[in-house]
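Before any comments, here is the structure.
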C-alpha cells in the first residue's frame, strides 16, 4: 500500500469549512428563509431544503474566491492560505466544482417543480454574481462593480426565496424596499474589507474606490453612504411599503457610524483585523434585525434566531479567524477614542 497523501477525510472537511468561511451560509440562508416567509411559505421542509442549497452556494463562492485570490491572499490572509495549501489546491478546485454542481442541481429541481420565469432568472443572477466576482469579468477588480457585487450576499437570497412562490404585490412590498435597504447598507460598509486588504490589493494593482473616498474624508459622502439605508428604511415606512415596526432598526445608524469611525483609525494589522471582524458581526446583526423588522412574521423571527445560533457557532468553531475575541473587541473600542489618522482629516 502506498503512503497516505494529504489530510484525512475528517481533517479535509474541517479545512474546507474553515478556509471557505461557511459561517456566511447564515447570510444566504436567512435571506432565503425570509423571502419564503414573505409569501407565507416558510416551514420546516423549506428551511431544511435551504441548508444544502446555500451551504453549497457559500462553499462554491468562497472556494472560487480562494483560488482566484491565491496571490494576494498570501499577503492579506496567510493563515487562511495555509489552510488551503494543507487541503491542496487541486482538492479545493474539486470542492468548488462539486459545490456548484449541488447548487445547480437543487436549483434545477426547484425550477422544474415551480415553473415560471422569476426563479430561474434569479438563480442565474445568483450564479453569475458569485462566479463573476472572482473569475471571468472579475467584478472585484473594478472599483465600482466590486462595490455593487458585494451587495449580493445580503440581497439576492431574499429575492430567490421570494421567487419560489413569488407574487407581484409582495415583490413591491416588502421585498424590493428591503433589498434597497440591505444593498445600501452593504455599500456603506463594503470598505471595511478594503481597509484590511490594502497590502495584497496593492500587490495586484487594485485601488479601492471606497478607500479613495475615505482618504479624502469627504464627510458628506462618507456619512451619506452610512446613512442611506436608514433613510431608505424611513422612506419605505412613510410610503407604506414597509411596516412601521421597521423603524425599530433606525438606532443602528449610530453603530454604523462607530464601525466606520473605528475602521478608519485602524493603523496596525491587529487593529484592522479587529475592525474587520466587528464589521462582519455587525453586518450579520443588521441583516437579521432589518429582515425581521421588514417582515415581522413569526417564521421570519424563528429563522433569524436559528441563523444567529449557527452564525455564532460557526464563527467560533468553523471559521479560520475564530470569530470576535475579547481582545479584538477591546482593540476596537479603543479605536473609538484614538486620535484620527492624518488621512481622516
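In the working numbering, the protein residues as written are 5 to 349.
Don't be surprised by glycine CBs; every beta carbon is placed ideally from N, CA and C.
Same chain, Cβ closer than 7 Å to residue i, five either side skipped, listed in chain order
i: residue 22; result: 87, 322, 323 and 324
i: residue 159; result: 183, 186 and 187
i: residue 135; result: 68
i: residue 51; result: 37 and 307
i: residue 32; result: 58, 61, 62, 157 and 161
i: residue 55; result: 33
i: residue 18; result: none
i: residue 111; result: 127
i: residue 5; result: Here residue 5 scores only 45 on pLDDT, less than 50, and its place in the model should not be relied on; the value that follows carries that caveat. Answer for residue 5: no residue qualifies.
Length of the line joining the Cα atoms of residue i and residue j
i: residue 16; j: residue 91; result: 6 Å
i: residue 120; j: residue 157; result: 23 Å
i: residue 170; j: residue 331; result: 45 Å
i: residue 337; j: residue 343; result: 13 Å
i: residue 48; j: residue 269; result: 44 Å
i: residue 185; j: residue 12; result: 44 Å
i: residue 129; j: residue 259; result: 31 Å
i: residue 154; j: residue 266; result: 21 Å
i: residue 107; j: residue 27; result: 17 Å
i: residue 1; j: residue 58; result: The shown model of the chain, from 5 to 349, leaves out residue 1, and the question about it has no answer.
i: residue 24; j: residue 298; result: 30 Å
i: residue 310; j: residue 84; result: 27 Å
i: residue 81; j: residue 61; result: 22 Å
i: residue 294; j: residue 261; result: 17 Å
i: residue 109; j: residue 76; result: 32 Å
i: residue 148; j: residue 288; result: 23 Å
i: residue 312; j: residue 296; result: 12 Å
i: residue 209; j: residue 172; result: Reliability of the predicted coordinates at residue 209 is poor, the pLDDT of 48 falling under 50, and the value obtained from them is presented with this limitation in mind. When rounded, the distance between both Cα atoms is 44 Å.
i: residue 89; j: residue 243; result: 52 Å
i: residue 73; j: residue 151; result: 17 Å
i: residue 14; j: residue 254; result: 44 Å
i: residue 284; j: residue 316; result: 12 Å
i: residue 137; j: residue 305; result: 31 Å
i: residue 93; j: residue 53; result: 29 Å
For residue j and residue i, believed in contact at Cβ under 8 Å, the rounded distance
i: residue 1; j: residue 250; result: Summary: the structure shown does not reach residue 1, with the chain confined to residues 5 through 349, and so no result is reported for it.
i: residue 103; j: residue 142; result: Going by Cβ atoms, the distance from residue 103 to residue 142 rounds to 19 Å, so no, they are not a contact pair.
i: residue 126; j: residue 164; result: 5 Å
i: residue 192; j: residue 230; result: 5 Å
Sub-8 Å separation of residue i and residue j beta-carbons
i: residue 247; j: residue 302; result: no
i: residue 189; j: residue 161; result: no
i: residue 181; j: residue 245; result: yes
i: residue 100; j: residue 132; result: no
i: residue 318; j: residue 34; result: no
i: residue 263; j: residue 286; result: yes
i: residue 168; j: residue 118; result: yes
i: residue 95; j: residue 10; result: yes
i: residue 339; j: residue 279; result: yes
i: residue 71; j: residue 105; result: no
i: residue 290; j: residue 235; result: no
i: residue 335; j: residue 271; result: no
Beta-carbon proximity list for residue i, same chain, < 6 Å, skipping 5 on both sides
i: residue 281; result: 328 and 332
i: residue 314; result: 30
i: residue 359; result: This structure does not reach residue 359, given that the chain is present from 5 up to 349, and the question cannot be answered.
i: residue 124; result: 115
i: residue 43; result: 169 and 174
i: residue 352; result: Residue 352 is absent from the model: the chain starts at 5 and stops at 349.
i: residue 122; result: 167 and 170
i: residue 320; result: 327
i: residue 20; result: 99
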